[in-house]
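Student: Numbering (the UniProt record's numbering), first residue to last: 1 to 660. Each residue gets a CB set at the ideal place from its N, CA and C atoms; glycine is no exception. Every value quoted in this text rests on a predicted model; they were computed, and no experiment measured them.
Below, the structure is given as structure tokens:
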């Protein structure tokens with residue numbers, strides 16, 4: 001047996017043959033009506049045929065592509081039939097006139113068969129279960145039998161075939177029996193159509209797979225355009241006095257049904273189908289209510305007799321639309337609760353959390369837990385963007401790795417402030433909508449994370465400063481004890497010993513005084529060195545002079561650019577140590593060929609920049625020199641920034657507050 005893909009190709013070739021026949025018939029019929037009929041038939045058939053072939057290529061073992069091609073074939077058959085009738089009027093005696101007249105009496109049933117079979121095999125393209133097989137066989141058998149029985153009807157054919165002889169005839173005693181059988185086949189065929197639709201509904205209720213349920217929803221969404229045709233027909237009779245607008249609904253049906261079917265089979269996650277269904281139902285109900293109000297207004301005001309007054313009809317419609325504006329929001333919520341429960345639950349949960357947070361009964365950090373419960377996605381994560389982090393972090397401040405999951409960014413004021421990371425469920429569109437609704441809560445949590453980190457960093461910096469102070473005190477105590485203190489104690493003991501021998505003439509007083517002066521000079525030098533570690537004495541002549549003296553001791557050329565003017569002593573001391581530590585680190589770790597030091601002044605502070613042309617790659621590590629320098633700058637109320645791209649040198653920039 002040929003594969004479904006091969007049959008789909010054959011059916012597509014057949015549709016092309018029908019289109020060719022239609023073009024020939026349009027040429028024979030002539031006139032604008034024939035051309036319009038051909039173009040309408042081709043336009044109605046083309047989307048279904050093309051998409052059917054695409055589905056057949058992508059899903060060669062599925063009958064869905066074949067049935068889509070057959071749906072397009074029925075539209076083309078209708079157009080060719082109309083063209084054949086127009087051609088017969090111009091050229092009586094065309095070939096196959098008797099056969100077409102006989103078949104056209106009952107072939108209308110075949111127009112419904114492909115769509116019914118599509119509902120039976122969708123979405124996997126197979127007839128599973130005996131009930132579906134019997135239903136499919138019944139559809140084909142009933143349609144074929146009814147077509148044959150209708151061909152035996154002895155009544156004259158409708159124009160333009162009223163003079164065409166009947167191809168099939170039967171004796172009068174059997175005619176009543178055939179008519180009875182034909183009438184009985186009508187409810188049977190209707191029952192088979194209902195069974196086909198019921199099979200799809202039953203398949204949806206029994207489906208546990210999210211993918212299958214989404215595919216069935218897509219087909220239902222495509223079929224939901226059929227009621228649009230009725231609404232357009234209603235609107236046409238209301239505003240134009242005819243059913244011409246129904247052609248728009250038929251054209252939409254010819255496009256949306258195959259498109260929805262192809263999307264369901266090939267890309268069921270292309271769009272949030274629940275959102276589309278909810279929107280379609282909402283606007284369908286709004287349109288129906290609007291038309292009902294317009295009809296009632298036209299009847300009450302008496303505009304029904306004055307359809308030629310478009311101003312009055314438009315005024316009635318505008319009044320109805322204004323009356324429906326407040327109703328639309330409530331109607332959307334009502335529809336969402338039934339057709340889009342995930343959206344309704346998520347937005348309601350976010351709004352409730354926001355209200356409880358405002359009342360002090362909840363915390364914004366509960367957003368992740370709230371969304372997990374509302375969307376039934378235990379793996380959903382809420383991430384936040386904070387300064388100093390290249391990626392997302394959780395509410396606790398720990399890094400969050402979204403992996404390959406879908407990420408819906410949360411934006412506020414044109415800036416990315418976080419993201420909602422999908423776990424196992426949830427569509428992209430729903431996550432984007434939830435992300436927009438959660439923006440304020442995400443911003444609050446993000447700011448709280450920043451404040452918490454700042455407090456933690458301040459506490460850690462304070463602790464480091466305390467430890468550094470204790471270590472510096474111990475160093476001073478050790479230096480004083482081992483250096484100047486020992487010299488002074490030793491000097492005191494020597495002076496006391498010399499005092500006891502001054503009278504016996506055994507002491508060289510001049511030599512002792514020389515040694516004591518030398519010891520005092522050494523002690524003074526050590527004390528000055530210790531004092532220089534606390535505050536360089538070179539700052540007495542200003543920051544520029546101190547930095548110039550510092551640059552003169554560097555083993556590499558140093559370019560200085562120091563703004564004129566005196567600075568407060570604490571600011572100048574901090575700026576000096578920033579430059580000293582940064583230059584020391586550059587010489588020690590970067591081996592630069594040149595170093596630049598710039599000190600600039602502004603109204604509210606002083607900026608110190610130290611740059612080098614080394615290999616870059618420097619980072620602030622706990623316990624290292626730059627970390628201590630950052631603590632010193634922070635203690636002074638300033639900020640320290642490090643920029644050290646690989647291969648691009650290093651820039652250390654400190655901004656110190658300074659009141660003039």
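Kindly indicate the opening and closing residues of the alpha helix (DSSP H) around residue 4.
Tutor: Residue numbering aside, residue 4 sits at position 4 when the chain shown is read from its first letter. Run containing residue 4: 4 to 29, per the alpha helix (DSSP H) assignment.
Student: Do we get a CB-CB distance below 7 Å when we pair residue 281 with the residues of chain B?
Tutor: Protein chain content of the structure displayed is limited to a single chain, and chain B is not contained in it.
Student: So what does DSSP say about residue 307, is it helix, strand or coil?
Tutor: Numbered from 1 along the chain shown, position 307 holds the residue referred to as residue 307. The predicted model places residue 307 with a pLDDT of 46, which falls under 50 and marks its position as unreliable; any figure quoted below should be read in that light. Of the three classes helix, strand and coil, the one that applies to residue 307 here is coil, per DSSP.
Student: What residues are listed by DSSP as bridge partners for residue 381?
Tutor: On the chain shown, residue 381 is found 381 positions in, with the first residue counted as 1. DSSP, once it has assigned bridges, lists 421 as partnering residue 381.
Student: Once the 5 residues before and after residue 88 are set aside, which same chain residues still bring their CB inside 8 Å of it?
Tutor: Counting from one through the chain shown, the residue named residue 88 turns up at place 88. If we look at residue 88 and ignore the five residues flanking it on each side, its Cβ neighbours are 94, 97, 160 and 161.
Student: Is the number of C-beta pairs between the segment 35 to 52 and the segment 104 to 112 that are closer than 8 Å three or more?
Tutor: With a cut-off of 8 Å, the segment 104 to 112 and the segment 35 to 52 do not count as touching, because too few Cβ pairs lie within range.
Student: For residue 588, count the other beta carbons within 10 Å of its own beta carbon; 16 or more makes it buried, fewer makes it exposed. Which is it?
Tutor: Numbered from 1 along the chain shown, position 588 holds the residue referred to as residue 588. Exposed: under 16 other Cβ atoms inside 10 Å.
Student: From the DSSP secondary-structure annotation, give me the bridge partner or partners of residue 596.
Tutor: Sequence index remark: in the chain shown, residue 596 carries index 596 (1-based). Its beta-bridge partners are 559 and 611.
Student: For the pair the segment 57 to 75 and the segment 114 to 121, tell me if three or more CB-CB distances fall below 8 Å.
Tutor: Yes, since at least three Cβ pairs between the segment 57 to 75 and the segment 114 to 121 fall closer than 8 Å, the two stretches touch.
Student: Could you compute how far the alpha carbon of residue 265 sits from the alpha carbon of residue 103?
Tutor: Your numbering for residue 265 matches position 265 in the chain shown. Your numbering for residue 103 matches position 103 in the chain shown. Their backbone Cα atoms lie some 34 Å apart in a straight line.
Student: Would you identify the three-state DSSP class for residue 358, choosing helix, strand or coil?
Tutor: For the purposes of this step, residue 358 is taken as residue 358 along the chain shown, with counting starting at 1. Looking at residue 358 - three-state DSSP - the assignment turns out to be helix.
Student: Less than 7 Å between the C-beta atoms of residue 610 and residue 562, yes or no?
Tutor: Start at 1 with the first residue of the chain shown, and residue 610 comes out as number 610. Start at 1 with the first residue of the chain shown, and residue 562 comes out as number 562. For residue 610 and residue 562, no; Cβs fall outside 7 Å.
Student: Helix, strand or coil, according to DSSP, for residue 427 in the structure here?
Tutor: In the chain shown, the residue the question calls residue 427 occupies position 427. Residue 427: coil per DSSP, three-state reduction.
Student: By DSSP's criteria, residue 657 is part of a beta bridge. Which residues make up the other side?
Tutor: In the chain shown, the residue the question calls residue 657 occupies position 657. According to DSSP, which records beta bridges pairwise, residue 657 is partnered with 605.
Student: Relative to the alpha-carbon of residue 443, which residue among 413, 432, 428 and 431 has its alpha-carbon at the smallest distance?
Tutor: Residue numbering aside, residue 443 sits at position 443 when the chain shown is read from its first letter. Comparing Cα positions, the closest option is 413.
Student: Buried or exposed for residue 3, going by 16 or more other Cβ atoms inside 10 Å?
Tutor: For the purposes of this step, residue 3 is taken as the residue at position 3 of the chain shown. Classification for residue 3: exposed.
Student: Rounded C-beta distance between residue 29 and residue 83? I'm assuming under 8 Å.
Tutor: Translated into the one-based positions of the chain shown, residue 29 becomes position 29. Translated into the one-based positions of the chain shown, residue 83 becomes position 83. Residue 29 to residue 83, Cβ: 6 Å. Contact.
Student: Does residue 128 pass the burial test, meaning 16 or more other C-beta atoms within 10 Å, or should it be called exposed?
Tutor: Sequence index remark: in the chain shown, residue 128 carries index 128 (1-based). Exposed.
Student: Grouping DSSP H, G and I as helix and E and B as strand, with all else coil, what is residue 169?
Tutor: Here residue 169 is taken as the residue at index 169 of the chain shown, counted from 1. Residue state, collapsed to three classes: coil.
Student: Buried or exposed: where does residue 340 fall if 16 or more other Cβ atoms within 10 Å of its Cβ makes it buried?
Tutor: Against the chain shown, residue 340 aligns to sequence position 340. By the neighbour-count rule (16 or more Cβ atoms within 10 Å), residue 340 is buried.
Student: Taking residue 393 as the reference, which of 378, 374 and 365 has the closest Cα?
Tutor: In the chain shown, the residue the question calls residue 393 occupies position 393. Cα-wise, what sits closest to residue 393 is 365.
Student: Which of the three DSSP states, helix, strand or coil, is assigned to residue 619?
Tutor: Within the chain shown, residue 619 is the residue found at index 619, counting from 1. Reduced to three states, the DSSP call for residue 619 is coil.
Student: Going by the beta-carbon positions, is the gap between residue 612 and residue 630 smaller than 7 Å?
Tutor: Walking along the chain shown from the start, residue 612 turns up at place 612. Walking along the chain shown from the start, residue 630 turns up at place 630. No, Cβ-Cβ distance for residue 612 and residue 630 is not below 7 Å.
Student: Within the same chain, show all residues whose beta-carbon is closer than 8 Å to that of residue 158, passing over the 5 residues directly before and after it, in chain order.
Tutor: Position 158 of the chain shown, counted from the start, is the residue given in the question as residue 158. Counting only Cβ-Cβ distances below 8 Å, and skipping sequence neighbours, we find nothing.
Student: Around the C-beta of residue 218, are 16 or more other C-beta atoms found within 10 angstroms, so that it is buried, or is it exposed?
Tutor: For the purposes of this step, residue 218 is taken as the residue at position 218 of the chain shown. Per the 10 Å Cβ criterion, buried.
Student: Which two residues bound the contiguous beta strand (DSSP E) that contains residue 407?
Tutor: As a working mapping, residue 407 is identified with position 407 in the chain shown. Counting along the chain, the beta strand (DSSP E) containing residue 407 begins and ends at 407 to 412.
Student: When burial is assigned at 16 or more other CB atoms within 10 Å of the CB, is residue 592 buried or exposed?
Tutor: For the purposes of this step, residue 592 is taken as the residue at position 592 of the chain shown. Buried, since its Cβ has 16 or more Cβ neighbours within 10 Å.
Student: Report yes or no: do three or more beta-carbon pairs, one from the segment 171 to 189 and one from the segment 206 to 223, lie closer than 8 Å?
Tutor: Cβ pair count under 8 Å is below three, so no.
Student: Going by the beta-carbon positions, is the gap between residue 430 and residue 422 smaller than 7 Å?
Tutor: As a position in the chain shown, residue 430 is number 430, starting the count at 1. As a position in the chain shown, residue 422 is number 422, starting the count at 1. Cβ distance not < 7 Å, so residue 430 and residue 422 don't count as in contact.
Student: Quick one: grab the DSSP three-state call for residue 126.
Tutor: By 1-based counting over the chain shown, the position of residue 126 is 126. Residue 126: coil per DSSP, three-state reduction.
Student: What does the alpha-carbon distance come out to for the pair residue 575 and residue 586?
Tutor: Against the chain shown, residue 575 aligns to sequence position 575. Against the chain shown, residue 586 aligns to sequence position 586. C-alpha separation (whole angstroms): 17 Å.
Student: On the three-state DSSP scale, how would you describe residue 745?
Tutor: Limits of the chain in this structure are 1 at one end and 660 at the other, which puts residue 745 out of reach.
Student: Tell me which residues share the same chain as residue 546 and place their Cβ nearer than 7 Å to its Cβ, disregarding the 5 neighbours each side in the sequence.
Tutor: Walking along the chain shown from the start, residue 546 turns up at place 546. So the list reads 536, 538, 539 and 576, once near-sequence residues are dropped.
Student: Tell me whether the beta-carbon of residue 560 lies closer than 7 Å to the beta-carbon of residue 580.
Tutor: Residue numbering aside, residue 560 sits at position 560 when the chain shown is read from its first letter. Residue numbering aside, residue 580 sits at position 580 when the chain shown is read from its first letter. No, the Cβ-Cβ distance between residue 560 and residue 580 is not below 7 Å.
Student: How many Å lie between residue 420 and residue 381 at the Cα?
Tutor: Start at 1 with the first residue of the chain shown, and residue 420 comes out as number 420. Start at 1 with the first residue of the chain shown, and residue 381 comes out as number 381. Between residue 420 and residue 381, the C-alpha separation is close to 6 Å.
Student: Going by beta carbon distance, what residues of the same chain come within less than 8 Å of residue 410, once the five residues before and after it are set aside?
Tutor: Position 410 of the chain shown holds residue 410. Cβ neighbours of residue 410 beyond the five flanking positions: 416, 417, 418, 419, 420, 435, 436, 438, 439 and 442.
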